[in-house]
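Numbering (the working numbering), first residue to last: 408 to 1295.
And the structure:
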């Protein structure tokens, strides 16, 4: 986009800085005027915010008040709706439609047993997002695009024109109709996240091609469900609850950094376990804030080598078992199949068992700690010490996140985690647990004690069955073929032709968050039309033709976490948030856009949404349940009166409930008060371990399957890989062996940690967070010395798939040979050089279809060198992506 010298430097957020006498009306007028002045003749990316809002006339007093009133007004519960892993309580003080203060949970006294649900720095900066001057304010059309002349090569480079909602929706409807009539509904690729709204409209329109991916869970998204390593169809209910976490003597955390990735109550859970005496061991390429906070022993390993590491641990347990009694043979014999030759499942097609494989019976390569060390980098001594710590006589919590499973060729990793945990008998007993724990459930396993109800909307099915995996989606757009594995993504491979002409981003920012960004940009430049719903000029919006401005959750009607957005909360609480302000500018909600577009397509609004958001919310409230004191029975959570029904303007019946609706609305949160002796405790697999025959698992054997024929047959048939029935070491595509090969062009491995500046890609534009979290590339001291790089130097990071520049943070707590580039920065490619100047992690990743379709976000290679161009200014000093037009 062209930059103009005559730009106005706008102070970051006048609504929150000088809010004493600022009304919603004056705020909108002032910010609209300011952004209009930011361009002389075209839409432009404006300069960084540095000075006060220039205001005259009636707005001058509003922009420059004499004093501040930060007491009067109404406190409301505000949505903190992003997929960060916290799911916390945030409240805002509203004066005349303007937010002047924020606070977090103060609904009760804080304690270890009854913790407040406190917000993190991202939640506390939420108003900086809602009222940001770089909001997309109006519908926009790319200047060089039309239905007859798409000029796709200009996507990401072109200027923008403001259009009316009527014109924008007409253009979108015409583009969709043309694609449907000329190429069929399969030609429309709908990319979505949590939000279901556009799936309803597009389903009613005749369907769309869908996208699927293993996302954050990696191989934890499918493997647990075929080997019995899950509970109630949830793979994150395989660990015990937070009270029993305190009973562990040792807690092993693999690839976990909740201090960065889940900043809510999660670290509080682990801190209480430490206070109760637990020792922590962190296995990770990086010495993290989690390790430092918990004073953990650190075992550094290379990215994507967890399989080798755990095979070495398993060998060491077998090696020392006769002398030290490390293995719980009773558990293995009763609760598992496939560990040894005497306990094979009846459906086994091969007579290969795990014990013999680890000891080298099949390939003459015992998986000794020395063998593992050569691959993973951990010392043999550290591997043997961990094996001893994992012995059956110790109470061990063996916890992993999915970061190590967001790696190519890791289909057996959850199975291996299960196996090593089972060897020590660390399941089904107090103080013993094994499994994946991350996001809102980190450190607190078990079924939800509060369940949001259903919105009551009838399902609208998608008549098109095409589902394209994330590894193949951009190639499918460009080359016209892909691998179909069914709508549930477990079926044998079927090669299909596909001809995509429309890419529609309704939510999720898939161009940004999917592997292979360079290929994504190429795909976006190929099609006839790209549409994006957006609050900001995100990566998806940058490469669109039509941008439809979205409201934030603060501008929408009330809702529940666990309900309207599909997001889970931690098991003990549910946030009930309120609408904070009216919609700003011309922004609309996803649901309003879906309904208005449906009408443009000739579909009645009622056929898409037969009742409004208030009725949907009421239906959820009325069917919301809470676990009763017996720990088993679920009862209505919310008491509703006829007055409540009349106030909401909905249809329904009064009901009794544990908490009155008006009290829930005032508190903003329903939290179950826990005590150590309550009936809400949870021990994963308890019934199964106590009596496997009476409580079989959902596997052919009814047991935990260390040998799983279903796993091998299902994932091998998907056509990307041959997957073994037992955990075996597989060379990872774009892994350590490639990096360490003689003469390797890309000798460093890249990992992309979640980072407190963002929730995935959200918040990347917020000034507070950009200043506090600078988004460097982390480089080990050894690698920096070898490259002649000093702390703060601008470096060029190159991979086989793309390049970016970042300022270096030289860090001794990073394993040599490893680079850490935080996840989620919005791509900003310099069109002259092809180099991304924002540090978008997926510029460095590439698709490598494998196994169950895992996207290998942490399987990437690079090289680093000092950048010879202009030094990179800190992100906090970079221009905001303001899209504005002269005179408006």
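Beta carbons are placed, not taken as given, at the ideal position from N, Cα and C, and that holds for glycine.
Helix, strand or coil, according to DSSP, for residue i in the structure here?
i: residue 1234; result: coil
i: residue 543; result: coil
i: residue 495; result: coil
i: residue 1310; result: Because the chain is modelled from 408 through 1295, residue 1310 falls outside the range shown and cannot be assessed.
i: residue 712; result: coil
i: residue 549; result: strand
i: residue 721; result: helix
i: residue 1112; result: strand
i: residue 746; result: coil
i: residue 845; result: coil
i: residue 874; result: strand
i: residue 856; result: coil
i: residue 1250; result: helix
i: residue 629; result: coil
i: residue 1127; result: coil
i: residue 1177; result: helix
i: residue 850; result: coil
i: residue 1279; result: coil
i: residue 890; result: strand
i: residue 617; result: strand
i: residue 567; result: strand
i: residue 511; result: strand
Buried or exposed: residue i, going by 16 or more other Cβ atoms within 10 Å of its Cβ?
i: residue 554; result: exposed
i: residue 931; result: buried
i: residue 488; result: buried
i: residue 631; result: buried
i: residue 757; result: exposed
i: residue 1040; result: exposed
i: residue 822; result: buried
i: residue 476; result: exposed
i: residue 1197; result: exposed
i: residue 1229; result: buried
i: residue 775; result: buried
i: residue 589; result: exposed
i: residue 865; result: exposed
i: residue 1297; result: Lying outside 408 to 1295, the shown extent of the chain, residue 1297 is not represented and no answer is given.
i: residue 1129; result: exposed
i: residue 1148; result: exposed
i: residue 803; result: buried
i: residue 740; result: exposed
Could you check how far apart the C-beta atoms of residue i and residue j are, in whole angstroms? I think they sit under 8 Å.
i: residue 1156; j: residue 1143; result: 6 Å
i: residue 940; j: residue 912; result: 7 Å
i: residue 1088; j: residue 1099; result: So it is not a contact: roughly 22 Å between Cβ atoms.
i: residue 1091; j: residue 797; result: In fact, because the Cβ distance is near 17 Å, the residues do not count as touching under 8 Å.
i: residue 666; j: residue 674; result: 5 Å
i: residue 1242; j: residue 1218; result: Contact flag wrong, Cβ pair sits at about 23 Å.
i: residue 664; j: residue 695; result: 4 Å
i: residue 1302; j: residue 1032; result: This structure cannot speak to residue 1302, because the chain is shown only from 408 to 1295.
i: residue 1161; j: residue 668; result: 4 Å
i: residue 1119; j: residue 899; result: Not confirmed; about 13 Å, so no contact.
i: residue 563; j: residue 1236; result: 7 Å
Taking C-beta to C-beta, are residue i and residue j nearer than 8 Å?
i: residue 570; j: residue 546; result: yes
i: residue 983; j: residue 1072; result: yes
i: residue 1227; j: residue 1221; result: yes
i: residue 1297; j: residue 1252; result: The shown model of the chain, from 408 to 1295, leaves out residue 1297, and the question about it has no answer.
i: residue 840; j: residue 636; result: no
i: residue 595; j: residue 942; result: no
i: residue 685; j: residue 1163; result: no
i: residue 1278; j: residue 1201; result: yes
i: residue 658; j: residue 687; result: yes
Would you please verify whether the beta carbon of residue i is less than 8 Å from any beta carbon of chain B?
i: residue 629; result: Absent from the structure is chain B; it holds one protein chain and no more.
**Item:** At least 3 beta-carbon pairs within less than 8 Å: the region 1265-1284 vs the region 944-961
**Value:** no
**Message:** Between the region 984-1001 and the region 1045-1053, can you find at least three pairs of beta-carbon atoms closer than 8 Å?
**Reply:** no
**Prompt:** Are at least three pairs of beta-carbons, each pair with one atom in the region 704-712 and one in the region 777-792, less than 8 Å apart?
**Reply:** yes
**Message:** Under 8 Å, with one C-beta from each stretch per pair, do the region 743-756 and the region 843-863 reach the 3-pair mark?
**Reply:** no
**Asked** Is the region 802-822 touching the region 1258-1267, taking contact as three or more C-beta pairs under 8 Å?
**Response** yes
**Message:** I'd like to know if the region 1019-1039 and the region 610-627 are in contact, where contact means that at least 3 CB-CB pairs between them fall below 8 Å.
**Reply:** no
**Item:** the region 1000-1015 in contact with the region 875-888 per 3-pair CB rule at 8 Å
**Value:** no
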